[in-house]
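Protein sequences, first through last, are from chains A and B.
Residue numbers for the first sequence, in the working numbering: 1132 to 1428.
Residue numbers for the second sequence, in the working numbering: 21 to 671.
Cβ coordinates follow ideal geometry from the N, Cα and C atoms, glycine included.
Note that the structure is a prediction, hence the values are computed from the model and not measured.
Data block below; observations after.
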Amino acid sequence: MLYLVTVFANIVALLAIAPIIDGIERKVKAKLQCRKGPPILQTWYDLIKLFKRPSIVTEEYSIVYIISPYIIFANMLFALALVPSFTRISLSFFGDIIVLTYLITSSSILLAIGSISSGNVFAAIGASRELSLTTLSKLLMALTLAIFAVLKRSLMLETLFPIIPPYTLSAIASIILFAIIAYIESYKLPFDIPEAEPEIIDGILVEYSGKSLGILKYSMYLKRILFFTIIVYLILPREIPMLLTPVLYLISLIALSVTYVCIETYCGRLRIDQALKFTKTLVPILLVVLIIAYFNY
Amino acid sequence: MAEYVALAPAAVLILGAIISSMFKGKLGNYISSFFSTISSIIMCYLSLNVLLFNKVFEEKLRLISGITESVLPINLSVIYIRIDFLSAFFVFILGTVGLASSIYGISYINRYLHKQHLGFYGLNYALFLCFMYLVFVVHDIFWFIVFWELMTVTSQFLVSYEREKAVARKAAYKYFCMSKGATEVIIVSALIILIILSGMNTSFDTIRYYTKSLLVENPILANALIALLFIGFSVKASLVPFHTWLPDAHPEAPSNVSALLSGVMIKTSVYMFFRIFYFFFEPTVYWGYIVATIGTITLLVGTMYAILQNDSKRLLAFSSIGQMGYIVFALGSSLLLYSMGEKSYTVLASVAFAASLYHVMNHAMFKSLLFLTAGSVIYRTGLRNLNVLGGLARFMPFTSILTLIASLSLAGIPPFNGFVSKWLIYSSTIPSFTILAVYGVVALFVSAITAAYAVKYFTTLFTKPATIEVEKVKDVPLPMMFSQILLAALCIILGIYPAIPLNMISAVSKAIFPLGNIFSYIQVFPGIALLKVEFVSANSPLIIAVGLILISSVVAAALPHKLNKFSVWSCGVPFRKYAMNMSAASYFRPFIRSFDEFYLTGRLLHKIFVKDFIKKYFSFTKVLAKITENFVIMLTLFTLIVILMLLLYVG
């Protein structure tokens, strides 16, 4: 029972800090662009405002359009239950990392179905891009997964973390590559193609409004946190005392998000074919790392 | 009467076929559907009896009484029928899919009224079901080939049922030629078995007695036999490079027959693969490699081409090839992992074995449901083109929700059945230290493409706005709706309670799998099945998932929710309903572009091995025809060659 309460408390804590992390990102971005920037809690204010507003639906909508944000949100919550966060306790079983990739993909798929169901052609274009990008990044995720499986001879997150006591080339490369994949998956600027604002007026999100939009945005923040968490725990050594873990976790989470936002500020958006080409160039690199890992280097 | 219970489904179907063929109109269809429904229910009853209560039904039907066994060299007068565990597993699938598609046919086939002879459909449909049943249960190689051929012929008639369409005729012809070629290979191998090995005894058990040790005694002959049988059956299983008939043939049949073709008929080969690799012969490492590699190629090719299709049923047909790839890949992995003989691989081998059979069942359920929903759209609109269809969700709300369930199962989204079996496939292959890890990665990648075309299928039919004006149609009539709901319910039940199918598979594994009961290696939870390795969580993973879904729905309910309708935002310009749209063809344009090399290679291989080959073959046959000019001479020559080869073998 305590176990379940801990997992639950972890999720609640992550729910609370996810928008704050986004607020920090916005602040840092503003400073880099020589602006004053919104307060750190601004993302929370935005979300609360969106939750208070009713949703507007299109005349062409179907029921999937309304439900899918909530299912995506539930998917993200389930995914967060699978990873350790403020404490190392999580819902772990053999192969949970495969379930994790499935939850991430299924949230993209449901988002695509939902946005196409709005009847807007911009949403459809966004969904098409989203699916193309998700499909390719799933190949990268699958390869990374295989590298982890070869390195640690396991498919369970609990035994995978941390990946680098053996300071081998492949272990370090796998962390770097995973960080790049996380960057692609979290729609940071060169890759925010599905929801390109100036180009296809927010793409997949164009017809979502009010509470649905709030839920979707919230799920995106959670997805970012999910990837950050995995990266942090791939590095965070196991020997750290239990009380220090949450502090270190939080610090490294903020450090990661600041690093990402610094990269984001200096990038322009890629075209979808350029993004796919970039993603494809990672495939041979990952294969090489997989082979290196197989021979224990 | 109780003695002949194993023959009851076949008898009922033959009776139905005979009666229904006498009526040209609706009655021909109704009678056939009625008898098929009854027979399907009996099949389910029989197979569940075998799988859950360990009964085995055996029957020896004597065709000609009076002829003793010594008169004929091969005893052909007895049909030996035996429903063992492996047969029962497949008969159960046939029973459920057959039930759904028979009931569906009651309304669906009436759309052919006044155009076609409905009694002809009734005759062929009942016979097709009957021969499929007999293929699964017959325990004798000679009668197996007979029923296999009859199954092919009846299904071919059903493929070309809309015979005024040239496409349908051509598809049926292609299908017939390819399966004919395959059957010759099977017959030759069967002849070798009969004449050389088992001394004219045709029962599976006798053959098994001789073949079990053959791989050690005479490896060349044994491997040649396996190769012949594998090639022969992989045509029906539509494994690459023998897959080209399927995307032409399956869409042309009436939709409920397509469901049977994709859901069950191509599984007859999988049934024989299990017989060959686990029942007749011992698993070997190199066959494991070959089967797993072919499976991986098949799943990649089938899925990559499915994403290109803009015809609802053709998309599903290519998807069937891809899913067959998954099944065969899992079978190959289990062969390889088992025969490598390492102790750490026993868990993975048995999980792969279970995953293969589990995916057979899941694919049967969701693919037949998808074909039925495609049929429902055809029934109401008469269209298959995904480019023009759309927006049907408001007119056919129930069908749209059932299609969504099937699409999500196909995509492998968690609570549905496709997820559990695919998950078992990945978790049994990726952690292994072999080439299977790479194949598993490919399979995981392909599952994302599968999800993408599942999205395409669902949204283009139901939620994307149409590009032509679709008239306001109603949802489908009750019988069609019933069978769709039945299959959708099974999709959910098999996903949430993996214990049900895994119990059946465990019965099969006790009978033929060398490692015994799979339950010693798998722990079943609602919604997921875990491998018994390392530390196993005591909490069911799904409990928490359900809890979280509940929480989020509470959140959704607690927040104010009011729906105001507004027209689609189109940057200030008035929204033009049929013009502002994205066609199905441009759904994955960027993705397809980025895999140009793959498709170019495919086209090149098609040109070399299919187009050029056929040209050369035809010119070759023309020359040959001129030389021989006489069919009889050809036949005698062929027979002489066969006899000579056999003599050489015996000698």
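If I measure Cβ to Cβ from S614 of chain B and keep anything under 8 Å in the same chain, skipping five residues before and after, which residues do I get?
none
Assuming R82 of chain B is part of the beta strand (DSSP E), what are its boundary residues?
F77 to R82
Could you say which of B:L328, B:K387 and B:Y128 lies nearest to F611 of chain B if we only look at CA atoms?
B:L328
Chain-ordered residues of the segment 1218–1239 of chain A with a beta carbon less than 9 Å from chain B
L1222, S1223, F1224, F1225, G1226, D1227, I1229, V1230, T1232, Y1233, L1234, T1236, S1237 and S1239
Verify the CB distance criterion: does G1274 of chain A have a CB-CB separation below 8 Å to chain B?
Position check: residue 1274 of chain A holds Leu in this sequence, whereas Gly was assumed. Answer yes: the Cβ-Cβ gap between L1274 of chain A and chain B drops below 8 Å somewhere.
From the DSSP output, read off the bridge partner residues of S223 of chain B.
B:D160
Any beta-carbon of chain A closer than 8 Å to the one on Y517 of chain B?
So no, Y517 of chain B is outside the interface.
Against G1250 of chain A, what residues of chain B qualify as contacts under a CB-to-CB distance less than 7 Å, listed in chain order?
The answer, in chain order, is P485 and V588.
Hey, is the segment 1291–1308 of chain A in contact with the segment 1333–1342 of chain A, meaning 3+ C-beta pairs nearer than 8 Å?
no
Chain A within 8 Å of Y446 of chain B, Cβ atoms only:
yes
Using beta carbons (cut-off 8 Å, strictly below), is S1216 of chain A in contact with chain B?
no
Taking 8 Å as the CB-CB cut-off, is P29 of chain B touching chain A?
no
Look at S1221 of chain A and A1212 of chain A and say whether their C-beta atoms are less than 8 Å apart.
Cβ atoms of S1221 of chain A and A1212 of chain A: closer than 8 Å.
Starting from the C-beta of I62 of chain B, find all residues in its chain whose C-beta is less than 6 Å away, skip the five residues before and the five after it, and write them out in chain order.
The residues are A28 and P29.
Alpha-carbon to alpha-carbon, T483 of chain B and F415 of chain B:
11 Å
What three-state label does DSSP hand W307 of chain B in the structure shown?
helix
In its own chain, which residues sit with a C-beta less than 6 Å from the C-beta of G1226 of chain A, not counting the 5 before and 5 after it?
L1286.
Beta-carbon separation (whole angstroms), V461 of chain B vs A1313 of chain A, contact threshold 8 Å
For a cut-off of 8 Å, the C-beta gap from V461 of chain B to A1313 of chain A is around 18 Å, too long to register as a contact.
Please compile the residues from chain B whose C-beta is within a distance smaller than 8 Å of the C-beta of D1404 of chain A.
Per Cβ cutoff of 8 Å: P610, R613 and S614.
Strictly under 8 Å for the Cβ-Cβ distance: is N405 of chain B near chain A by that measure?
Judged by the 8 Å Cβ criterion, N405 of chain B is not in contact with chain A.
Beta-carbon separation (whole angstroms), G118 of chain B vs L149 of chain B, contact threshold 8 Å:
5 Å
Going by alpha carbons, who is nearest to R404 of chain B out of B:S467, B:L241 and B:A394?
B:A394
Using a C-beta cutoff of 8 Å, does K357 of chain B count as contacting chain A?
For the sequence presented, residue 357 of chain B should be read as Leu rather than Lys. No, its Cβ sits nowhere closer than 8 Å to a Cβ of chain A.
Among residues of its own chain, excluding the 5 on either side of W168 of chain B, which ones have a beta-carbon nearer than 6 Å to its beta-carbon?
Answer for W168 of chain B: V155, listed in chain order.
Run through the DSSP bridge pairs and tell me what Y1364 of chain A is partnered with.
DSSP, once it has assigned bridges, lists no residue as partnering Y1364 of chain A.
Is there a Cβ of chain A sitting closer than 8 Å to that of V475 of chain B, yes or no?
It does; some Cβ of chain A falls within 8 Å.
Work out the CA separation of L1374 of chain A and A1144 of chain A for me, nearest whole Å.
16 Å
Could you spell out the range, first to last residue, of the alpha helix (DSSP H) harbouring Y124 of chain B?
F105 to Y128
Can you list, in chain order, the residues of the segment 429–442 of chain B whose Cβ is nearer than 9 Å to any Cβ on chain A?
A431, G432, I433, P434, F439 and K442
Secondary structure of N238 of chain B, DSSP reduced to three states:
coil
Is the distance from the Cβ of I341 of chain B to the Cβ of H263 of chain B below 8 Å?
yes
Establish whether the CB of N537 of chain B and some CB of chain A are separated by less than 8 Å.
no
Is the beta carbon of V305 of chain B sitting closer than 8 Å to the one on S359 of chain B?
yes
Are the segment 499–512 of chain B and the segment 1258–1272 of chain A touching, with three or more C-beta to C-beta distances below 8 Å?
no
Against chain B, does S1383 of chain A count as a neighbour if the rule is that its beta carbon must be under 8 Å from one of theirs?
Under the 8 Å criterion on CB atoms, S1383 of chain A is classed as non-interfacial with respect to chain B.
Delimiting residues of the alpha helix (DSSP H) encompassing T18 of chain B
An answer regarding residue 18 of chain B cannot be provided, because it is not within the stretch 21 to 671 covered by chain B.
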